[in-house]
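In my numbering, the protein residues as written are 6 to 250.
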Ligand code: ADP
Ligand code: MG
């Protein structure tokens, strides 16, 4: 076990259906991520990527195996917690970016971000509106602040959803195909934001994608095939130790 580990999945098994129709999406998958690590999970369609992301982020219970997470000083065993504890954990420590954007239809782009800051704990001392506008600026959406989801393009909605996931500076970020609706210029912007979150703020980020263009930007690439981890490799030499390790 590495000494900076923040997220660890051990021997994860998850199947769907039962009897004759039972099929395995994950067959004893193990994975480890460290503080400040930006990792990419690749693999063919149906190989279990979304299932692994859901299991390791506390959204989908595995048949067997364990998930340990240590965003702060204390390590927790995600699937031993109560449902309510797990919800609290996710709210406090996790940011999610999913393929469907799940934006509120009646809120404009700025409000989608503001509401995250106003809700629950971690309410900030700084003006939520100011922070929302700053994030919209980073995402190239400064001029779209007052538009509703119905008035935004697919790529713009995806960027709002990404802003919403990152604005509270979560320690753990889970992203399923975050660049799928984006042209490369905007996709690169999004990866850059994820890189900053990981390398400058120490967030641990797992991105599912089959977009090869992301590879040069990440620290580690994991490969899943038919529910098994086939390969994992650091893409670059380890970064300067002073940054976060
Ligand atoms: P990927 O994200 O790599 O495309 P998934 O994790 O979505 O793959 O799916 C892995 C396998 O599990 C696939 O064979 C898929 O059909 C199956 N699967 C995923 N979710 C469900 C579900 N809710 N019910 C039944 N089968 C599912
Ligand atoms: Mg998927």
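Note that CB positions come from ideal geometry on N, CA and C, so glycine has one too.
Computed from a predicted structure; not experimentally measured.
Thinking residue 70 and residue 229 are a contact (beta carbons under 8 Å), I'd like their distance in whole angstroms, please.
-> Translated into the one-based positions of the chain shown, residue 70 becomes position 65. Translated into the one-based positions of the chain shown, residue 229 becomes position 224. Not quite, the Cβ-Cβ distance comes to about 15 Å (not below 8 Å), so this is no contact.
Neighbourhood of residue 192 by C-beta distance below 6 Å, restricted to the same chain and skipping five residues each side | Position 187 of the chain shown, counted from the start, is the residue given in the question as residue 192. The beta carbon of residue 192 sits closer than 6 Å to the beta carbons of 184 from its chain, once the five residues preceding and following it are set aside; these are given in chain order.
Check whether the Cβ of residue 62 lies closer than 7 Å to any heavy atom of the ligand MG, and answer yes or no.
-> The residue given as residue 62 occupies position 57 in the chain shown. Taking 7 Å as the cut-off, the C-beta of residue 62 does not count as close to any heavy atom of the ligand MG.
How far does the beta strand (DSSP E) with residue 140 in it reach, from first residue to last?
-> Taking the chain shown and counting its residues from 1, the one referred to as residue 140 is at position 135. Residue 140 -> not in any beta strand (DSSP E); alpha helix (DSSP H) instead, spanning 133-143.
Candidates 190, 86, 145: which alpha carbon is nearest residue 114's?
-> Sequence index remark: in the chain shown, residue 114 carries index 109 (1-based). Among 190, 86, 145, the Cα nearest to that of residue 114 belongs to 145.
Which residue's Cα is closest to the Cα of residue 227: 67, 53, 158?
-> Along the chain shown, one-based indexing puts residue 227 at 222. Of the candidates 67, 53, 158, the residue whose Cα lies closest to the Cα of residue 227 is 53.
Alpha helix (DSSP H) segments (min. 4 residues) lying fully within the stretch 50-131 | Unbroken alpha helix (DSSP H) stretches of 4 residues or longer found wholly inside the stretch 50-131: 54-61, 88-98, 114-123, given in chain order.
Taking DSSP as the reference, what is the three-state secondary structure of residue 2?
-> Missing from the structure shown is residue 2; the chain here goes from 6 to 250 and no further.
Going along the chain, which residues of its own chain have a beta-carbon closer than 6 Å to the beta-carbon of residue 58, five neighbours each way excluded?
-> For the purposes of this step, residue 58 is identified with residue 53 of the chain shown, where counting begins at 1. 179, 181, 213.
Residue 161 versus residue 28: straight-line alpha-carbon distance, rounded = To locate residue 161, count along the chain shown from 1; it is residue 156. To locate residue 28, count along the chain shown from 1; it is residue 23. C-alpha separation (whole angstroms): 36 Å.
Would you mind reading off the limits of the beta strand (DSSP E) that contains residue 10?
-> In the chain shown, counting from the first residue as 1, residue 10 sits at position 5. Here the beta strand (DSSP E) through residue 10 covers 10-21.
Sorted by chain position, which residues of the same chain lie with C-beta nearer than 6 Å to residue 12's C-beta, five sequence neighbours on each side aside?
-> In the chain shown, counting from the first residue as 1, residue 12 sits at position 7. The residues 38, 74, 209, in chain order, have a CB closer than 6 Å to that of residue 12 in the same chain once the five nearest residues on each side in sequence are set aside.
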